[in-house]
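Residue numbers (the working numbering): 12 to 518.
Here a beta-carbon is modelled for each residue, glycine too, at the ideal position from N, C-alpha and C.
A quick write-up on the structure given underneath.
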RNA sequence: GCGCUGUUCGUAUAAUGGUUAGUACAUCUGACUUUCUAUCAGAAAAUACGAGUUCAAUUCUCUUACAGCGUACCA
């Protein structure tokens with residue numbers, strides 16, 4: 012594995028790249044970087060019916076945001092280009108012909124309707140229709156293995172549509188090697204003769220994929236588990252071309268958080284979390300899907316979370332920088348079973364990353380939110396606010412809700428809390444408190460604390476009797492950081508004003 | 001249906017042919033003689049079922065169940 016590791020991420024531009032795709036890209040990236048290799052982006056757009064114009068740019072932007080950019084790909088270091096399969100179209104025909112010549116492939120003229128009929132027939136009899144030697148011999152199929160050479164030529168020159176199919180060997184047991192799953196055994200007789208070349212002149216995924224991986228000198232194919240059933244075909248194709256096969260690793264799927272099945276966009280909508288890295292607008296329907304970026308996640312937290320979905324370092328470390336990940340990542344520690352996605356854990360990661368940021372960084376990120384709320388304040392004050400509230404925040408977007416009372420007087424009081432904490436006697440108690448506060452010359456945390464606590468002790472009442480209504484007066488609800496911090500931050504004047512407001516509103 | 005793959009606390013996972021099966025998220029409880037969605041402490045919680053191999057299996061093998069993927073001229 013030492014020399015020339017080259018991996019590729021090969022998505023189809025059929026829509027937004029979802030979490031599973033990002034994870035596949037990430038694992039490819041990590042593997043490449045770990046081995047000083049190259050990470051290639053290849054766009055597999057051989058299916059023109061499913062092509063979506065804004066999808067490719069989305070994929071590029073998403074990788075960019077995740078900080079896992081490709082080394083080679085469309086418009087970048089194109090030494091093995093082009094990197095869009097549609098632009099490589101002319102190339103594939105010759106490889107299909109090569110297989111035809113070598114006897115590893117053949118022409119087939121069956122129409123979709125005929126094949127559907129065969130499938131239905133078999134199903135009705137409780138059998139599976141497999142397009143392979145077994146059915147070839149029965150003479151039901153129309154292809155160059157059963158037709159004479161003249162007939163084939165005739166059909167082709169008559170302009171009849173045809174596909175090229177792979178001729179799967181008969182009665183053979185294949186032992187396949189997967190980097191995460193080990194050995195896999197399969198009988199060739201259970202395999203279909205897959206279409207390699209479509210009647211529209213485009214290769215299918217299977218052909219294009221193998222040809223491109225070979226031409227681009229890919230050393231390791233790391234892809235989703237949905238490709239595992241195609242592994243025998245791909246291995247056979249390498250054999251047919253007499254090319255050296257890359258190593259394969261199949262990643263398990265990401266499953267929905269509750270219930271069964273793989274994660275889909277619907278799950279995200281239903282449970283309230285994004286399944287895409289960036290916001291995505293569907294070109295046809297105009298539907299907008301939310302993204303992790305727009306929801307306020309840090310990309311490094313998002314990546315950290317994804318890295319631990321189906322992989323673990325074998326230690327108890329959970330927080331990793333991208334650099335640490337590239338050092339630690341190992342295909343051998345990728346798990347074989349599917350992983351349920353956990354939105355909660357994702358939030359936890361974001362919270363951890365948020366705590367690690369400095370107050371300066373966070374204050375800067377907070378600025379736009381303050382502007383939105385028509386608040387301006389000096390940088391030092393904002394940083395101080397951030398330092399007091401950040402430990403309760405998961406997102407920067409939480410900041411305003413956690414700190415608005417540092418900038419403006421509360422306009423409403425939590426109903427339940429006022430009922431419970433604001434008693435008959437509270438009003439006069441608060442008025443007394445006002446005079447205690449007025450008497451404090453130097454309004455520092457220490458002074459406020461000693462004077463107010465001293466006063467409470469001398470009155471021989473519980474702290475809660477004073478502090479709870481005071482919190483209500485200053486904050487509007489029973490939440491937030493230390494009260495003495497709040498008082499000294501907003502200042503003596505504002506403190507007194509807010510207490511008076513509360514007395515007026517609640518007594 | 002057939003083929004392939006998988007199955008450890010609710011979830012993500014660790015470890016091991018012999019241990020009290022570890023950790024994190026979530027949950028519950030307590031603490032913080034002032035709040036909390038925060039923090040700290042604690043609790044509860046798992047080797048899918050059944051066989052076999054073995055002195056001993058959660059670990060190896062097989063059956064079953066369940067799940068996922070594939071079974072397209074889609075990728």
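Asked: Backbone CA spacing between residue 285 and residue 273 [nearest angstrom]; Found: 15 Å
Asked: Same chain, Cβ closer than 7 Å to residue 198, neighbours up to 5 away in sequence not counted; Found: 184
Asked: Inter-residue CB distance, residue 287 and residue 27 (contact presumed, cutoff 8 Å); Found: 5 Å
Asked: Within 8 Å, strictly: CB atoms of residue 320 and residue 34; Found: yes
Asked: Neighbour-count burial assignment, residue 86, 16 or more Cβ in a 10 Å radius; Found: exposed
Asked: Start-to-end residues for the beta strand (DSSP E) that takes in residue 259; Found: 258-262
Asked: Sequence-distant residues of the same chain with beta carbon closer than 8 Å to residue 77, five excluded per side; Found: 33, 36, 37, 288, 310, 313, 314
Asked: Where the alpha helix (DSSP H) containing residue 184 begins and where it ends; Found: Here residue 184 belongs to no alpha helix (DSSP H); instead the beta strand (DSSP E) covers 184-189.
Asked: Among 62, 450, 210, nearest to residue 295 - alpha-carbon criterion; Found: 62
Asked: Inter-stretch contact at 8 Å, needing at least 3 Cβ pairs: the region 454-466 / the region 360-368; Found: no
Asked: Continuous alpha helix (DSSP H) stretch holding residue 140: start and end; Found: Residue 140 -> no alpha helix (DSSP H), and no H or E assigned at all.
Asked: Runs of alpha helix (DSSP H) lying entirely within the region 338-425, each at least 4 residues, in chain order; Found: 354-367, 370-383, 390-400, 410-414
Asked: Sub-8 Å separation of residue 501 and residue 441 beta-carbons; Found: no
Asked: Distance CB(residue 48)-CB(residue 71) smaller than 8 Å; Found: no
Asked: From 496, 390, 466, residue whose alpha carbon lies closest to that of residue 416; Found: 496
Asked: Inter-residue Cα distance where the pair is residue 370 and residue 380; Found: 15 Å
Asked: Local Cβ density within 10 Å of residue 472, reported as buried at 16 or more and exposed below that; Found: exposed
Asked: DSSP state of residue 505 mapped onto helix, strand, coil; Found: helix
Asked: Enclosing beta strand (DSSP E) for residue 207 [first to last residue]; Found: 206-208
Asked: Bridge partners - residue 193, DSSP secondary structure assignment; Found: 189
Asked: Residue nearest to residue 123 in terms of C-alpha spacing, selected from 301, 174, 439; Found: 174
Asked: Endpoints, alpha helix (DSSP H) assigned at residue 447; Found: 437-449
Asked: Where residue 231 sits in the DSSP three-state scheme; Found: strand
Asked: DSSP state of residue 301 mapped onto helix, strand, coil; Found: coil
Asked: Span of the alpha helix (DSSP H), counted from its first residue to its last, around residue 118; Found: Element bounds for residue 118: not the alpha helix (DSSP H) but the beta strand (DSSP E), 116-119.
Asked: Three-state class that DSSP yields for residue 76 in the structure shown; Found: helix
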